[in-house]
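S.K.: There's a structure below that I have some questions on.
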Amino acid sequence: MKILVCISHVPDTTSKINFTADNAEFDTNGVQYVINPYDEFSLARAMWFKEKQGATVTVISVGNNTTEPSLRKSLAIGADAAIRIDAEATDGFFVAKQIAEIAKANSYDLILTGRESIDYNGAMVPGMLATLLDYNFVNACVGLEIDENKVTATKEIDGGTETFSTTLPLVIAGQKGLVEEKELRIPNMRGIMMARKKPLTIATAIEISANTKAVRFEKPEEKSACKMVDASDIDGLIDLLHNEAKVI
Numbered sequence: 007m008k009i010l011v012c013i014s015h016v017p018d019t020t021s022k023i024n025f026t027a028d029n030a031e032f033d034t035n036g037v038q039y040v041i042n043p044y045d046e047f048s049l050a051r052a053m054w055f056k057e058k059q060g061a062t063v064t065v066i067s068v069g070n071n072t073t074e075p076s077l078r079k080s081l082a083i084g085a086d087a088a089i090r091i092d093a094e095a096t097d098g099f100f101v102a103k104q105i106a107e108i109a110k111a112n113s114y115d116l117i118l119t120g121r122e123s124i125d126y127n128g129a130m131v132p133g134m135l136a137t138l139l140d141y142n143f144v145n146a147c148v149g150l151e152i153d154e155n156k157v158t159a160t161k162e163i164d165g166g167t168e169t170f171s172t173t174l175p176l177v178i179a180g181q182k183g184l185v186e187e188k189e190l191r192i193p194n195m196r197g198i199m200m201a202r203k204k205p206l207t208i209a210t211a212i213e214i215s216a217n218t219k220a221v222r223f224e225k226p227e228e229k230s231a232c233k234m235v236d237a238s239d240i241d242g243l244i245d246l247l248h249n250e251a252k253v254i
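Right, here's the structure in full:
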């Protein structure tokens with residue numbers, strides 16, 4: 007089984023976020039980047055298929071050379087090869103089209119992505135990718151078993167989960183639950199050393215016109231200071247809830 011895992015290179019949630027060019031561009035100065043957490047769940051599941059069923063695992067990302075540390079980390083975790091499509095990721099459709107071109111040329115059986123990236127939270131690429139490839143698609147996946155060409159998948163729905171059967175080829179948008187957090191991999195020294203010898207291919211992007219453009223970024227408004235109300239001042243509390251918070 008040939009598996010392709012899509013990797014997003016995203017800002018660490020602990021990084022301080024700023025914007026430049028009159029709030030039209032994201033300021034990358036001083037920002038630490040990591041593998042998108044949702045993608046980590048998918049990568050960990052791919053490693054399970056590699057170890058238990060002999061699958062080959064390739065990771066792929068769209069971006070410039072600054073994204074390579076995330077690909078190298080994926081190789082150190084155990085992926086067999088990596089592909090970087092040399093282009094700035096302008097929007098979800100652009101990313102999906104680039105990855106689809108690589109996938110068509112290599113006939114992957116299973117494509118694993120995260121449900122969404124934690125920077126833009128668009129949740130567009132997995133569905134677009136499945137449509138472009140005419141693959142079956144499971145979103146919000148929290149369980150995945152494969153027996154030859156037969157697939158049993160569980161997805162999260164409102165109020166519970168839904169389990170059903172499908173077949174390969176398949177695109178999975180994974181999330182927490184696809185593997186347990188304790189199953190997430192941390193590269194060890196041997197893995198890091200071996201990753202240096204594994205292939206990282208730089209692919210040329212295809213020409214695609216951007217369909218969207220970021221006009222302006224805005225930070226959430228700062229929360230107002232907390233007002234303390236004496237436990238005995240019931241009338242004052244009711245007044246604040248009614249006239250200021252307007253919740254009663």
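The numbering of the sequence shown is this note's numbering, which starts it at 7 and goes up by one.
Ideal Cβ positions, reconstructed from N, Cα and C, are used throughout, including at glycine.
1) Identify, in the order they occur along the chain, each residue of the same chain with its Cβ nearer than 8 Å to the Cβ of alanine 155, setting aside the five sequence neighbours on each side.
2) For cysteine 232, I'd like the list of residues in its chain whose CB is within less than 6 Å of its CB, leaving aside the five on either flank, ordered along the chain.
3) CB-CB under 7 Å to isoleucine 89, same chain, minus the five flanking residues each way: which ones, in chain order?
4) Examine the Cβ distances between the segment 67-76 and the segment 86-106 and report whether three or more of them are shorter than 8 Å.
5) Could you give the residue range of the alpha helix (DSSP H) that holds proline 75?
6) With the cut-off set at 8 Å, would you say threonine 119 and aspartate 86 are in Cβ contact?
7) Note down, in chain order, each residue of its chain lying with its Cβ closer than 6 Å to the Cβ of isoleucine 254, except the 5 sequence neighbours on either side.
8) Where alanine 27 and phenylalanine 55 are concerned, what is the direct C-alpha to C-alpha distance, given to the nearest angstrom?
9) Name the DSSP beta bridge partners of histidine 15, please?
10) Only counting runs of 4 or more residues, tell me where the alpha helix (DSSP H) segments fall wholly within the segment 225-253, in order along the chain.
11) What do you reckon, are the CB atoms on alanine 216 and threonine 96 nearer than 8 Å?
M.R.: Put simply:
1) Residue identity differs from the one stated: residue 155 is asparagine in this sequence, not alanine. Taken in chain order, the residues that qualify are Thr173 and Leu174.
2) For cysteine 232, where only same-chain residues beyond five positions count, there are no Cβ hits under 6 Å.
3) Same-chain partners within the cutoff: Thr64, Ile66, Ile108, Thr207 and Ala209.
4) Yes, they touch.
5) 74-83 is the span of the alpha helix (DSSP H), which, as asked, contains proline 75.
6) Cβ distance not < 8 Å, so threonine 119 and aspartate 86 don't count as in contact.
7) Counting only Cβ-Cβ distances below 6 Å, and skipping sequence neighbours, we find Leu247 and His248.
8) So the two alpha carbons sit approximately 45 Å from each other.
9) DSSP lists Ile41 as partners of histidine 15.
10) Restricted to the segment 225-253, the alpha helix (DSSP H) segments that are unbroken, complete and at least 4 residues in length are 240-245, listed in chain order.
11) For the pair alanine 216 and threonine 96, the CB atoms are nearer than the 8 Å cut-off.
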